[in-house]
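S.K.: The sequence shown stops at residue 518 when you use numbering that gives the first Met the number 0, and every number in between is there.
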Amino acid sequence: MQFLKLVFLHRIGLYNFHYSKESIIYFNNMRLFCIVLLLLTTNAFALNRMLIKGGMIVESSEPFEISVKDILIEGDKIIQISKDIKLKNVYKTLDAQGKYIIPGLIDSHVHLYHATGLKKPYTKDYSKLFESYFSQLPKSFLYYGYTTVIELNNNPETTKEFLKSKLHPNVYHCGHGAVLKDGFMSLEFSEKDFTKRFPYYLDTKNENSNSIHNPKNVISNLKKSGAVCIKLYYEEALWYPGKKPEFILPSVDFINKVAIEAKKYQMPILLHATTPNGHQIGLASNTDILVHGLWEWPNQSYMSQIPSQKIKDIVKDMAKSNKVLQPTIRTIKGTKTLFDNSLLTNENLRHVLPFEYIDYLNNVGKVQREKFIKIFGKKITPKPTAENILENLNSFEKRYKDLIFYYYNNGGKLILGTDSATGGFGWGHPPGLAGYLEMKDWKELGVSLKDILKAATISNAKAFGLDKIIGSIEVGKQADLLLLNRNPLKEIEAYNSIERVFLKGKDINRKELSADYKK
């Protein structure tokens, strides 16, 4: 610092140097020091920069153009997108010619605390299997390009452990969910366990008081817990075996009171709903996203393929509204895995589940089938054999897909979420792979490849208020990118041709994310 000051004074004539031998040596040494410092500073920037050259960038919104450009990343951000960037000061240059670049994918409906198909009663190795599943879990999402996941029922301890993984997707959440004290979710817990799991539950009897459980205080506390969204439930449990217990459901007025508070924090309202009543409540209230489609048709058998006029009208009204639907086809396919072995023989399963876990599902896990038949069989078919149930479940899946296409074909807006992994029967939610399978189901039912890409990226980001950070390839946004060998606007299989994953600017070889990877 003293050296720079002397040089400055000398330059403006306020200081005269005596050019002694010592002075010359001093200045030469200091000049060398400054050059080294400059080089070190330059290299520091270089070590923080990566250049992706000549990739075909696929836009995730209209007009869905493909342009050949370079992408310059500094740290975790995209800082330049243009043709033929010439820059020497980068630590890595990646040749992406002939390959496609899309934004990292978003699964906006996950549950990190469940392991698909794993049940304590069926194995003495539960803890060991859960540990192996959970250690692979973050990499499994990334293997299929899901650089962001949104947990709709956050368990703080589980999420904390998930984030300790060296490589993990970005995680956002809705807090533990805005559950009702006497609602359906409370049936699974003792009163003590319920308040421990859901400390900020909603109490409809004290909504106008100063209670910690009124809408204002609940939403405020969920926001403080890090929530970016609010999830409510309208679960009628029409499938409940035996005599259905009593529980309350939220009214339009109550949902709107919750929504008023949520809007103060720009938090979208999600409503879990699968019945005509649930969707009508969703349409009539200030909800933003309906979680699950209208797959429960009261008084119609699973084999019935034609929805009532009431259901068609609700779906059409939903399509014309400003609301968004998250279909979660994987949820209904989860149960089907008990009777259909195709998922367990899927060659891609080995990339997302450890070998010993797949072995468990192939053996001990199948005990669930007989239990399911005993509990729910007659809800599905009068003669509940495995063959009859599978036939009914296939019919159930087809009619639901047809209804989603009806919604989509009438202008309905979709976002992609998988419900990975629910704690119900079956193992249809392998992390990461479930997202790819959900996309394939959408393609099969008639959703365009453009809209599938949009639903898994920018539409998801916008729905949760994250579009300034993620969801598209733009300067200033987080460098979450996928390098594909095939064109996602031409074939759905492109999503299984990922070569590299860029997570906050970190370049990851996809092969290293596989559960089957051998170093």
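Don't be surprised by glycine CBs; every beta carbon is placed ideally from N, CA and C. From a predicted model like this one, the values you see are computed outputs, not experimental measurements.
Whole alpha helix (DSSP H) runs in the region 104-181 with 4 or more residues, listed along the chain?
M.R.: As far as the region 104-181 is concerned, its whole alpha helix (DSSP H) runs of at least 4 residues are 125-142 and 155-162.
S.K.: Would you list the residues sitting across from Gly-54 in a DSSP beta bridge?
M.R.: Here residue 54 corresponds to residue number 55 of the sequence shown, with the count starting at 1. According to DSSP, which records beta bridges pairwise, Gly-54 is partnered with Lys-68.
S.K.: On the DSSP letters alone, give me the boundaries of the beta strand (DSSP E) that Ile-507 sits inside.
M.R.: Start at 1 with the first residue of the sequence shown, and residue 507 comes out as number 508. From DSSP, the beta strand (DSSP E) with Ile-507 extends over 505-508.
S.K.: With distances taken Cα to Cα, identify the nearest neighbour of Glu-295 among Leu-324, Trp-238, Tyr-142 and Arg-329.
M.R.: Reading the sequence shown from its first residue, position 296 is the one you call residue 295. Out of Leu-324, Trp-238, Tyr-142 and Arg-329, Trp-238 has the C-alpha closest to the C-alpha of Glu-295.
S.K.: The alpha helix (DSSP H) spanning Asp-407 covers which residue range?
M.R.: What you label residue 407 is simply residue 408 of the sequence shown in a count that begins at 1. Before going further, note that residue 407 is Tyr rather than Asp in the sequence given. Per DSSP, Tyr-407 belongs to the alpha helix (DSSP H) from 385-408.
S.K.: Assuming Pro-326 is part of the alpha helix (DSSP H), what are its boundary residues?
M.R.: By one-based count along the sequence shown, residue 326 stands at place 327. Note, Pro-326: premise wrong, no alpha helix (DSSP H); not H, not E.
S.K.: First and last residue of the alpha helix (DSSP H) that includes Asp-440?
M.R.: The sequence position of residue 440 within the sequence shown is 441, counting from 1. Element bounds for Asp-440: 432-444.
S.K.: Given that a residue counts as buried once 16 or more other Cβ atoms are within 10 Å of its Cβ, and exposed if not, what is Gly-418?
M.R.: As a first step, residue 418 must be located in the sequence shown, where it is residue number 419. At residue 418 the sequence reads Asp, which differs from the Gly that was named. Looking at its Cβ environment, which holds 16 or more other Cβ atoms inside 10 Å, Asp-418 is buried.
S.K.: I want to know whether the region 123-138 touches the region 374-387 - three or more CB-CB distances under 8 Å.
M.R.: No, the region 123-138 does not touch the region 374-387.
S.K.: With the cut-off set at 8 Å, would you say Ala-493 and Leu-502 are in Cβ contact?
M.R.: The residue you call residue 493 lines up with position 494 of the sequence shown. The residue you call residue 502 lines up with position 503 of the sequence shown. No; because the gap between Cβ atoms is not below 8 Å, this pair is not in contact.
S.K.: Note down the Cα distance separating Lys-517 from Leu-231, rounded to an integer number of angstroms.
M.R.: Here residue 517 refers to the residue found at position 518 of the sequence shown. Here residue 231 refers to the residue found at position 232 of the sequence shown. Going from the Cα of Lys-517 to the Cα of Leu-231 covers about 43 Å.
S.K.: Who are the near neighbours of Gly-54 in its chain, counting only those whose CB is closer than 6 Å to its CB and skipping five residues on each side?
M.R.: On the sequence shown, residue 54 is found 55 positions in, with the first residue counted as 1. So the list reads Ala-95, Lys-98 and Ile-100, once near-sequence residues are dropped.
S.K.: Helix, strand or coil for Asp-466, going by three-state DSSP, please let me know.
M.R.: Residue mapping note: residue 466 aligns to position 467 of the sequence shown, counting from 1. Looking at Asp-466 - three-state DSSP - the assignment turns out to be coil, as it is neither helix nor strand.
S.K.: Specify, as a first and last residue, the run of the alpha helix (DSSP H) that Val-217 falls within.
M.R.: If you number the sequence shown from 1, residue 217 lands on position 218. Val-217 -> alpha helix (DSSP H) spans 214-223.
S.K.: If we count the other Cβ atoms within 10 Å of its Cβ and call it buried at 16 or more, is Phe-354 buried or exposed?
M.R.: By 1-based counting over the sequence shown, the position of residue 354 is 355. That one is exposed.
S.K.: Ser-419 bridges to which residues according to DSSP?
M.R.: On the sequence shown, residue 419 is found 420 positions in, with the first residue counted as 1. Paired residues: Val-109.
S.K.: Buried or exposed: where does Ser-139 fall if 16 or more other Cβ atoms within 10 Å of its Cβ makes it buried?
M.R.: On the sequence shown, residue 139 is found 140 positions in, with the first residue counted as 1. Per the 10 Å Cβ criterion, buried.
S.K.: Between which residues of its own chain and His-110 is the CB-CB distance below 8 Å, once the five residues before and five after are set aside?
M.R.: Locating residue 110 in the sequence shown gives position 111, where the first residue counts as 1. Around His-110: Glu-150, Leu-151, Asn-152, Asp-418, Ser-419, Ala-420, Thr-421 and Gly-422.
S.K.: If you check the beta carbons only, do His-167 and Pro-120 fall under 8 Å apart?
M.R.: Reading the sequence shown from its first residue, position 168 is the one you call residue 167. Reading the sequence shown from its first residue, position 121 is the one you call residue 120. No. Outside cutoff.
S.K.: Short check: CB of Ile-357 to CB of Arg-368, under 8 Å?
M.R.: Counted from its first residue, the sequence shown places residue 357 at position 358. Counted from its first residue, the sequence shown places residue 368 at position 369. Against a cut-off of 8 Å, the Cβ pair of Arg-368 and Ile-357 comes out as no contact.
S.K.: Can Trp-200 and Val-170 be called in contact, C-beta distance under 8 Å?
M.R.: Taking the first residue of the sequence shown as position 1, residue 200 is located at position 201. Taking the first residue of the sequence shown as position 1, residue 170 is located at position 171. Per the sequence shown, the amino acid found at residue 200 is Tyr instead of Trp. The answer is no: Cβ separation not under 8 Å.
S.K.: Provide the residue(s) that pair with Phe-230 in DSSP beta bridges, ordered along the chain.
M.R.: Here residue 230 refers to the residue found at position 231 when the sequence shown is read from its first residue. Checking the displayed sequence, the identity of residue 230 turns out to be Lys instead of Phe. Answer is Leu-269, bridged to Lys-230.
S.K.: Check Tyr-359 in the structure and name its three-state DSSP category.
M.R.: Sequence index remark: in the sequence shown, residue 359 carries index 360 (1-based). Reduced to three states, the DSSP call for Tyr-359 is helix.
S.K.: Quick one: is Ser-208 buried, meaning 16 or more other Cβ sit within 10 Å of its Cβ, or exposed?
M.R.: Looking up residue 208 in the sequence shown gives position 209. By the neighbour-count rule (16 or more Cβ atoms within 10 Å), Ser-208 is not buried but exposed.
S.K.: If contacts are defined as beta-carbon pairs under 8 Å, then Lys-87 and Asp-69 qualify, I think. What distance do you get, rounded to the angstrom?
M.R.: Residue mapping note: residue 87 aligns to position 88 of the sequence shown, counting from 1. Residue mapping note: residue 69 aligns to position 70 of the sequence shown, counting from 1. 14 Å between Cβ atoms; not a contact.
S.K.: Taking the beta strand (DSSP E) that Lys-91 belongs to, which residues open and close that run?
M.R.: Here the question's residue 91 lines up with position 92 in the sequence shown. Element bounds for Lys-91: 91-94.
S.K.: Using the DSSP secondary-structure output, state which residues sit across from Lys-412 in a beta bridge.
M.R.: Looking up residue 412 in the sequence shown gives position 413. According to DSSP, Lys-412 bridges with Val-323.
S.K.: With contact counted as at least three CB pairs below 8 Å, one residue from each stretch, are the region 256-266 and the region 182-192 in contact?
M.R.: Counting Cβ pairs under 8 Å, fewer than three are found: no touch.
S.K.: State whether the region 207-226 contacts the region 281-300, with contact taken as three or more CB pairs (one from each stretch) at a distance under 8 Å.
M.R.: These segments do not touch.
S.K.: Grab the span of the alpha helix (DSSP H) containing Pro-381 for me, first residue to last.
M.R.: Along the sequence shown, one-based indexing puts residue 381 at 382. No alpha helix (DSSP H) contains Pro-381, which DSSP labels as neither H nor E.
S.K.: Figure out for me which residue from Lys-510, Ala-514 and Lys-309 has the closest Cα to the Cα of Val-351.
M.R.: Start at 1 with the first residue of the sequence shown, and residue 351 comes out as number 352. Comparing Cα-Cα distances from Val-351 to each of Lys-510, Ala-514 and Lys-309, the minimum goes to Ala-514.
S.K.: Evaluate Ser-59 with the Cβ neighbour count: other Cβ atoms within 10 Å of its Cβ, from every protein chain shown; 16 or more gives buried, anything less gives exposed.
M.R.: Stepping through the sequence shown from its first residue, residue 59 is reached at position 60. That one is buried.
S.K.: What's the call for Tyr-359, buried or exposed, on a 16-neighbour Cβ count within 10 Å?
M.R.: Taking the first residue of the sequence shown as position 1, residue 359 is located at position 360. Counting Cβ neighbours within 10 Å, Tyr-359 comes out buried, since at least 16 surround it.
S.K.: For the putative contact between Ile-254 and Thr-286, defined by C-beta atoms under 8 Å, what is the C-beta separation to the nearest angstrom?
M.R.: Here residue 254 corresponds to residue number 255 of the sequence shown, with the count starting at 1. Here residue 286 corresponds to residue number 287 of the sequence shown, with the count starting at 1. Their Cβ separation, rounded to whole angstroms, is 7 Å, which keeps Ile-254 and Thr-286 in contact under 8 Å.
S.K.: Check whether the Cβ atoms of Gly-174 and Ala-226 lie closer than 8 Å to each other.
M.R.: Here residue 174 corresponds to residue number 175 of the sequence shown, with the count starting at 1. Here residue 226 corresponds to residue number 227 of the sequence shown, with the count starting at 1. It is a contact, given that the beta carbons lie within the stated cut-off.
S.K.: Which partner residues of Lys-76 appear in the DSSP bridge assignment?
M.R.: On the sequence shown, position 77 is the one that residue 76 refers to. Paired residue(s): Glu-73 and Gln-477.
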